[in-house]
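**Student:** Below is one structure. I have some questions about it.
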Amino acid sequence: MSAAAVSLTNFILKNGAVESGAGQTLVDAFAADFQGLRHFGAKIGETLDLGSPWTGTLQEDDFTLAYGYFGEGTGAEDPGAGALIGKKVLLYELLTKITTQEA
Amino acid sequence: MAANIPPSLRSAFERLKNAGAVNGLLLAWRRQVLINLLPFEEFRAERLLQEIHDARDHFASGGDRDIKTLWFGYDTVHVLVVFWQQTTLVILHTRAEEADFLHRTAQTCLEDAQLLIDSLLNPSGESAAGESAAPAGEMTGDSSSKTNFLGRIA
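Residue numbers (this note's numbering), protein chains in the order written: chain A, 286 to 388; chain B, 97 to 250.
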């Protein structure tokens, strides 16, 4: 993803929309990956009878993107958060940063 | 078509099950299951592998993206997917905080196992990493208690 910033960019999932102080290009890029991750996470969960995922992460050599819901559900309207960064970072550290955005 | 999984390859990945709170794992080459240590039926493992590759292909379809890792968290378990060249390792694990340790361990295990996987896929000695790799369907091997079946040909 060429639009990815090196620094961490945060996003809020609220009422079925992606919100961020970042530019529209980054919001659109995050939303596209978020929808893809959520879709395939649900397909994998369906295959293994695990339900829908409450968090998902994808990582390339120079890019990491993740999302997580805050515990009220994993539906399209449920609140959550996400982040992307233009480098490889620790999975659990990024998840922690996302889930603590709620506070 | 059967593939004789070398005991050293199987044991290398069986040891991964002791790397943390691991519930199961799956090793595959392209879209073919090599070792299934998941607590699910074979058809679920094969379907899981197809979904994972569909996801990777989806993200790669826009251009030059190369997804190396996918990680999903469900209510009861996490699914960690690590891609290394044409091999894929799926790990089901319980504790989220073990994800990075398992991630690094899986990458190392996959890297170290490339020669074993290569010899499995190409008994004649050809490279499995390149496009010229022989299809796994051409593999030969006897049917023993160590044999896994390749349920699907790419």
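Positions of the beta carbon are idealized from the N, C-alpha and C atoms, including for glycine.
Predicted model only: the values in this text are computed from it and were never measured.
Below 8 Å on the Cβ atoms is my contact criterion, and I expect Pro102 of chain B with Leu206 of chain B to pass it. Report the Cβ-Cβ distance as a whole number of Å.
**Tutor:** Not quite, the Cβ-Cβ distance comes to about 15 Å (not below 8 Å), so this is no contact.
**Student:** Based on the DSSP output, what are the partners of Asn132 of chain B in its beta bridges?
**Tutor:** In DSSP, Asn132 of chain B forms a bridge with B:Leu122.
**Student:** Any chance you could list the alpha helix (DSSP H) runs of at least 4 consecutive residues sitting entirely within the stretch 307-371 of chain A, in chain order?
**Tutor:** Correct list: 309-332.
**Student:** Using beta carbons (cut-off 7 Å, strictly below), is Pro338 of chain A in contact with chain B?
**Tutor:** Yes, its Cβ sits closer than 7 Å to a Cβ of chain B.
**Student:** Pick out whichever of B:Ser104, B:Gly169, B:Leu144 and B:Asp214 has its Cα sitting closest to the Cα of Glu193 of chain B.
**Tutor:** Residue B:Gly169 is the option with its Cα nearest to Glu193 of chain B.
**Student:** Find out if the Cβ-Cβ distance for the pair Val291 of chain A, Gly371 of chain A is shorter than 7 Å.
**Tutor:** Yes, they are a contact pair.
**Student:** Go to Ala279 of chain B, then tell me how far its beta strand (DSSP E) extends in each direction, as first and last residue.
**Tutor:** Within the shown structure, residues of chain B are numbered from 97 to 250, placing residue 279 of chain B beyond reach of any answer.
**Student:** Can you round the beta-carbon distance between Ala124 of chain B and Leu133 of chain B to whole angstroms, since I take them to be within the 8 Å contact cut?
**Tutor:** Going by Cβ atoms, the distance from Ala124 of chain B to Leu133 of chain B rounds to 12 Å, so no, they are not a contact pair.
**Student:** If you measure between the beta carbons of His154 of chain B and Gly356 of chain A, is that distance less than 7 Å?
**Tutor:** Cβ atoms of His154 of chain B and Gly356 of chain A: not closer than 7 Å.
**Student:** Does DSSP put Asn244 of chain B in a helix, a strand or coil?
**Tutor:** With a pLDDT of 43 at Asn244 of chain B, under the threshold of 50, the modelled position of that residue is not reliable, and the figure given next carries that caveat. Strand.
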